[in-house]
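These protein sequence lines map, in sequence, to chains A and B. One point on numbering: in this note's numbering, the residue at position 51 of the first sequence is 114, and numbering is uninterrupted. One point on numbering: in this note's numbering, the residue at position 18 of the second sequence is 20, and numbering is uninterrupted. Every residue gets a Cβ at the ideal spot worked out from N, C-alpha and C, and that includes glycine.
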Amino acid sequence: MDKLLFLGDEAIAQAAIDAGLSGVYAYPGTPSTEITEFIQDSKMARERGIRSEWCANEKTAMEAALGMSYAGKRAMYCCKHVGVNVAADCFVNSAITGVNGGLIYIAADDPSMHSSQNEQDSRFYANFAFIPALEPASQQEAYDMIHYGFDLSEKFKEPVMMRITTRMAHSRAGVTRKAEVRNQNERSLPQDKKQFILLPAIARKQYNALLAKQPDIIKESETAGWNKYFDGENKKLGIIACGIGYNYLMENFRDKKCPYPVVKVQQYPLPQCMIEKLYNECDEILVLEEGQPLVEQQMRGFMNNGKPIHGRLDGTLSRVGELSPNMVGKALGLEIEGGLEIPALVAPRPPKLCDGCPHVDSYTALNEAMKSFPGGRVFSDIGCYTLGALPPFEAIYSTVDMGASITMAKGASEGTLLPSVAVIGDSTFTHSGMTGLLDCCVDNANVTIIILDNEITGMTGSQKSSATGRIESICTGMGVAPEHIRVINPLKKNHEENVAIMKEEIGYKGVSVIIPRRECIVAMNKRLKAERAAKEKAAKQN
Amino acid sequence: MKIDIILCGVGGMGALSSAAIISKAALDMGWYMKQAETHGMSQRGGDVQSHLRLSDQPINSDLIPEGQCDIILSVEPMEALRYLPFLNKKTGWVITNSTPFVNIPNYPDYAAIEAEIKKIPNHILFDADAVAKEANNPKGTNMVVLGAASKYLGIDIEKLEDAVRSNFGKKGESIVNANIAALRAGRAVADK
Numbered sequence: 064m065d066k067l068l069f070l071g072d073e074a075i076a077q078a079a080i081d082a083g084l085s086g087v088y089a090y091p092g093t094p095s096t097e098i099t100e101f102i103q104d105s106k107m108a109r110e111r112g113i114r115s116e117w118c119a120n121e122k123t124a125m126e127a128a129l130g131m132s133y134a135g136k137r138a139m140y141c142c143k144h145v146g147v148n149v150a151a152d153c154f155v156n157s158a159i160t161g162v163n164g165g166l167i168y169i170a171a172d173d174p175s176m177h178s179s180q181n182e183q184d185s186r187f188y189a190n191f192a193f194i195p196a197l198e199p200a201s202q203q204e205a206y207d208m209i210h211y212g213f214d215l216s217e218k219f220k221e222p223v224m225m226r227i228t229t230r231m232a233h234s235r236a237g238v239t240r241k242a243e244v245r246n247q248n249e250r251s252l253p254q255d256k257k258q259f260i261l262l263p264a265i266a267r268k269q270y271n272a273l274l275a276k277q278p279d280i281i282k283e284s285e286t287a288g289w290n291k292y293f294d295g296e297n298k299k300l301g302i303i304a305c306g307i308g309y310n311y312l313m314e315n316f317r318d319k320k321c322p323y324p325v326v327k328v329q330q331y332p333l334p335q336c337m338i339e340k341l342y343n344e345c346d347e348i349l350v351l352e353e354g355q356p357l358v359e360q361q362m363r364g365f366m367n368n369g370k371p372i373h374g375r376l377d378g379t380l381s382r383v384g385e386l387s388p389n390m391v392g393k394a395l396g397l398e399i400e401g402g403l404e405i406p407a408l409v410a411p412r413p414p415k416l417c418d419g420c421p422h423v424d425s426y427t428a429l430n431e432a433m434k435s436f437p438g439g440r441v442f443s444d445i446g447c448y449t450l451g452a453l454p455p456f457e458a459i460y461s462t463v464d465m466g467a468s469i470t471m472a473k474g475a476s477e478g479t480l481l482p483s484v485a486v487i488g489d490s491t492f493t494h495s496g497m498t499g500l501l502d503c504c505v506d507n508a509n510v511t512i513i514i515l516d517n518e519i520t521g522m523t524g525s526q527k528s529s530a531t532g533r534i535e536s537i538c539t540g541m542g543v544a545p546e547h548i549r550v551i552n553p554l555k556k557n558h559e560e561n562v563a564i565m566k567e568e569i570g571y572k573g574v575s576v577i578i579p580r581r582e583c584i585v586a587m588n589k590r591l592k593a594e595r596a597a598k599e600k601a602a603k604q605n
Numbered sequence: 003m004k005i006d007i008i009l010c011g012v013g014g015m016g017a018l019s020s021a022a023i024i025s026k027a028a029l030d031m032g033w034y035m036k037q038a039e040t041h042g043m044s045q046r047g048g049d050v051q052s053h054l055r056l057s058d059q060p061i062n063s064d065l066i067p068e069g070q071c072d073i074i075l076s077v078e079p080m081e082a083l084r085y086l087p088f089l090n091k092k093t094g095w096v097i098t099n100s101t102p103f104v105n106i107p108n109y110p111d112y113a114a115i116e117a118e119i120k121k122i123p124n125h126i127l128f129d130a131d132a133v134a135k136e137a138n139n140p141k142g143t144n145m146v147v148l149g150a151a152s153k154y155l156g157i158d159i160e161k162l163e164d165a166v167r168s169n170f171g172k173k174g175e176s177i178v179n180a181n182i183a184a185l186r187a188g189r190a191v192a193d194k
């Protein structure tokens, strides 16, 4: 079969379709978004009836994926690393229930925080929940491992995590598909009716069963073939290279063999025998892992009184950020001949709101309105509008996690910081803002919540928003007085009127909601282009 | 054989589209390739880059090591300079548009940028915006730069044109034709 040009994300998506997937459940998040988008756009997925709409948030997504697995089908859940936090309740407990149909959780980590608030390493979650994790080093391996991952999940009746990072998710390479496409599972119910009932008495039993599976799961890591031991003549150093860390290692030995013994790790828990052999045969160990030092910590132990273990913890590699070929080369003591220096005149070019973006007009009005309330603060959230923190606006004082603007504003107002204003996007509002709004209404908190409704999930590239067409009814349903739900059109010509409305509602003592509503400019341009292309096509057919 | 390329510019200028087109053409020629890029927040008017690696041998790293990049291909002059640590000091080429994209208040003086680019031993600095306008595709700057670079890529221009057809096909025939025109106009500049 011909090689196809796939992003890592797309390789995963195509693999899942080919491996008998019945449904994917996800909320958009960089760098995981393209997995679900690929399935949504796939003709083959449509023909096979694969479920692929966006979910309200990562928790609802993971729970639905678990439900599909309960029905015996193969399901996949995708998120960015911080999305695992949102779904963590289900994540940990689903290891204790186990699964019925194969279930894969994709966690796309973002070391160096290209588009994220932190660089947490999802492998810690898999380790903590006692489930197997896979970490491919190439797009082809990602494709092949999805097939294996579903089989593995069904073999151990446990969910399996696939952990990828930005450079895997958003890097393209040629991928060869398997010749055969697997059928979807028939519907089947769990044999044990109590498997999913985590009452304490049952949960204890299930938890013990999960722990009892661990030796076999470790044995699987040893024998499945994804973890490999490569011998080397020079035993002064033994290298553990995890995921794409292996690629950076080999980049430094392009035309020659790596002189040191290497364990290539792509499946967790760690393959015990291979690691022991490496440790016993070599004088010192170097751990190369993309992300936080999970394996390095495991190798050292708290006392760190064995052989020298090098990596991110002892400063051999940077404690933070992504790995790179040069960083790994330096850790190996190799001479690196760099390039030219960046001339001093090169200025940083931070991201900014697009020309014509409705948020620009909303922030311009808000800044004007807040001049009347010099003691107040604006709390914000995760989305394009987080760029309101940068010049020229410098309008917001917080961005912490999805939905936190509303609840932080509530808490701050209760701590006598008045006025406290929240700025949140439409999609973030239905993701995790609604429950905070309910708290505000129950307590009759003195807050003003500005829901920037651009009718799309903007920052991740124009995905459908669960909020579209529902915001006012959600707000009234939660208990906001209808006269304090104000919809405005964020346009320059409406500036004076919008400022006046904002001032009025910020001055109101109670819960008020302002909804600046105008289509995202990027989404609008995409829509117009698509309409033009469709017209052109139709004209040609006539 | 290996060619390591950094494609760069500002979000929305099409640097990533160019990368995808070279990748498609390279794959169709049976080469190994890897192409890393970043999506998400950085695309909102910030600097964007893609590491593109082509070889007749399997490729290890998705990222190009510092000092080993063969071509920096930029749709914006200041952005071309941002990636110089990756450029091979002796043999590397910088091929860049000369029209600045000014969306920051502290954008440096163009004459100083030009002076820095001219310090690089191998460079092609030309007004790709003007060439794109002449080719009746003012938004096709990225295709013009790609066309100019095609001479140094070892990929036939026809293969690149096929890749343009395949990548832009969904957007309609007029977009495909406009991009191919810009690509050819860029190649003509390099051939002069």
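What residues in the segment 225-237 of chain A have a beta carbon less than 9 angstroms from any beta carbon of chain B?
-> When C-beta distances to chain B are compared with 9 angstroms, the residues of the segment 225-237 of chain A below that value are Thr-229, Arg-230, Met-231, Ala-232, His-233, Ser-234, Arg-235, Ala-236 and Gly-237, in chain order.
Beta-carbon contacts of His-125 (chain B) that lie in its chain and below 8 angstroms, excluding the five residues immediately before and after = Close CB contacts of His-125 (chain B) within its chain, under the 8 angstroms cut and outside five residues either way in sequence, are with Trp-95, Val-96, Ile-97, Thr-98 and Ile-119 (chain order).
Report the neighbours of Met-313 (chain A) on chain B: residues whose CB is nearer than 9 angstroms to its CB, in chain order.
-> Near Met-313 (chain A) (Cβ distances below 9 angstroms), the residues of chain B are Asn-62 and Ser-63.
Members of the segment 150-174 of chain A near chain B, C-beta cut-off 8 angstroms | Listed by position along the chain: nothing, the set is empty.
Residues in the segment 593-605 of chain A with C-beta within 9 angstroms of chain B's C-beta atoms, listed in sequence order?
-> Under the 9 angstroms Cβ criterion, the segment 593-605 of chain A contributes Ala-593, Arg-595, Ala-596, Ala-597, Lys-598, Glu-599, Lys-600 and Lys-603.
Taking Pro-55 (chain A) as the reference, which of A:Tyr-311, A:Leu-129 and A:Pro-263 has the closest Cα?
-> Residue 55 (chain A) is absent from the model: chain A starts at 64 and stops at 605.
By Cβ distance, which residues of its chain are closer than 6 angstroms to Ala-196 (chain A), with the 5 residues on each side in sequence left out?
-> Closer than 6 angstroms at the Cβ level, and outside the excluded window around Ala-196 (chain A), lie Arg-186, Ala-189, Met-224, Arg-226 and Tyr-331.
Chain A contact for Tyr-112 (chain B) (CB, 8 angstroms cutoff) | It does not; no Cβ of chain A falls within 8 angstroms.
List the residues of chain B whose Cβ lies closer than 9 angstroms to the Cβ of Gly-402 (chain A), in chain order.
-> Counting only Cβ-Cβ distances below 9 angstroms, Gly-402 (chain A) has contacts in chain B at Glu-68, Gly-69, Gln-70, Cys-71, Tyr-85, Leu-86, Pro-87, Phe-88, Leu-89, Asn-90, Lys-91 and Gly-94, in chain order.
Any chance the segment 152-161 of chain B sits against the segment 562-576 of chain A, with 3 or more Cβ pairs inside 8 angstroms?
-> With fewer than three CB-CB distances shorter than 8 angstroms, the segment 152-161 of chain B does not count as touching the segment 562-576 of chain A.
What first and last residue would you give for the beta strand (DSSP E) that runs through Cys-10 (chain B)?
-> Taken as a continuous stretch (DSSP letters only), the beta strand (DSSP E) holding Cys-10 (chain B) covers 4-12.
Backbone CA spacing between Asn-169 (chain B) and Gly-142 (chain B) [nearest angstrom] = Each residue's Cα considered, the two are about 14 angstroms apart.
Any chain B beta carbon closer than 8 angstroms to Lys-589 (chain A) = With 8 angstroms as the cut-off, Lys-589 (chain A) does not count as an interface residue toward chain B.
Member of A:Ala-452, A:Ala-428 and A:Pro-455 whose CA lies at the smallest distance from the CA of Pro-553 (chain A) | It is A:Ala-428.
Could you tell me the boundaries of the alpha helix (DSSP H) in which Met-541 (chain A) lies?
-> Start and end: 534-541.
Which residues in the same chain as Tyr-90 (chain A) place their Cβ atom closer than 6 angstroms to its Cβ, once the five residues preceding and following it in sequence are excluded?
-> For Tyr-90 (chain A), same chain residues with a beta-carbon under 6 angstroms away, outside a window of 5 residues either side, are Cys-118, Asn-120, Glu-121 and Ala-124 in chain order.
Alpha-carbon spacing of Phe-213 (chain A) relative to Met-131 (chain A), whole angstroms | Their backbone Cα atoms lie some 14 angstroms apart in a straight line.
For Val-166 (chain B), return the contacting residues in chain A, with the cut-off set at a CB-CB distance below 8 angstroms.
-> Neighbours of Val-166 (chain B) across chain A, judged by C-beta separation under 8 angstroms, do not exist; the nearest C-beta is about 14 angstroms away.
My understanding is that Glu-353 (chain A) touches Ile-399 (chain A), with C-beta atoms under 8 angstroms, so please give their C-beta distance in whole angstroms.
-> That pair is no contact at about 19 angstroms.
Can you tell me which of the three DSSP states Asn-561 (chain A) falls into?
-> Asn-561 (chain A): helix per DSSP, three-state reduction.
Cβ-based neighbour list, Ile-122 (chain B), same chain, cut-off 6 angstroms, excluding 5 preceding and 5 following | Within its own chain, the residues whose Cβ lies closer than 6 angstroms to the Cβ of Ile-122 (chain B), once the five positions on either side in sequence are excluded, are Val-96, listed in chain order.
What did DSSP end up calling Gln-269 (chain A) once you bin it into helix, strand or coil?
-> The answer is helix: DSSP assigns Gln-269 (chain A) an H, G or I state.
Hey, is the segment 469-478 of chain A in contact with the segment 503-513 of chain A, meaning 3+ C-beta pairs nearer than 8 angstroms?
-> Result yes; three or more Cβ-Cβ pairs closer than 8 angstroms.
Residues near Thr-229 (chain A) in its chain [Cβ-Cβ closer than 6 angstroms; skip 5 each side] = Closer than 6 angstroms at Cβ, skipping near neighbours: Pro-94, Asp-173 and His-177.
How long is the line joining the alpha carbons of Arg-240 (chain A) and Asp-129 (chain B), rounded to whole angstroms?
-> Looking at the two C-alpha atoms, the distance is approximately 43 angstroms.
Nearest to Ile-106 (chain B) (by Cα), restricted to the options A:Lys-268, A:Leu-416 and A:Asp-104 | Nearest option by C-alpha distance: A:Leu-416.
Among B:Ser-176, B:Arg-186, B:Tyr-34 and B:Gly-47, which one has its Cα closest to the Cα of Ser-197 (chain B)?
-> No information on residue 197 (chain B) is available, as it lies outside the stretch 3 to 194 that chain B covers here.
Local Cβ density within 10 Å of Val-505 (chain A), reported as buried at 16 or more and exposed below that | Val-505 (chain A) comes out exposed.
Can Phe-69 (chain A) and Arg-235 (chain A) be called in contact, C-beta distance under 8 angstroms?
-> Yes; because the gap between Cβ atoms is below 8 angstroms, this pair is in contact.
Would you list, in sequence order, the uninterrupted alpha helix (DSSP H) runs of no fewer than 4 residues that lie entirely inside the segment 166-201 of chain A?
-> Look at the segment 166-201 of chain A and you find these whole runs of alpha helix (DSSP H), each 4 residues long or longer: 186-192.
Check whether the Cβ atoms of Leu-83 (chain B) and Ile-405 (chain A) sit closer than 8 angstroms, and answer yes or no.
-> For the 8 angstroms CB-CB criterion, Leu-83 (chain B) and Ile-405 (chain A) form a contact.
Taking only beta-carbon positions, decide if Pro-195 (chain A) is within less than 8 angstroms of chain B.
-> Interface criterion not met: the Cβ of Pro-195 (chain A) is under 8 angstroms from no Cβ in chain B.
Taking only runs that begin and end inside the segment 277-315 of chain A, name each unbroken alpha helix (DSSP H) of 4 or more residues, in chain order.
-> As summarised for the segment 277-315 of chain A, the continuous alpha helix (DSSP H) elements at least 4 residues long and confined to that stretch are 308-314, given in chain order.
In chain B, what lies closer than 9 angstroms to Leu-416 (chain A) by C-beta?
-> Correct list: Arg-46 and Gly-47.
Spatially closest choice to Ala-138 (chain A) from A:Ile-80, A:Glu-347 and A:Ala-171, by CA coordinates = For Ala-138 (chain A), the nearest C-alpha among the options comes from A:Ile-80.
If contact means a Cβ-Cβ distance below 8 angstroms, which residues of the segment 176-200 of chain A contact chain B?
-> Correct list: His-177 and Ser-178.
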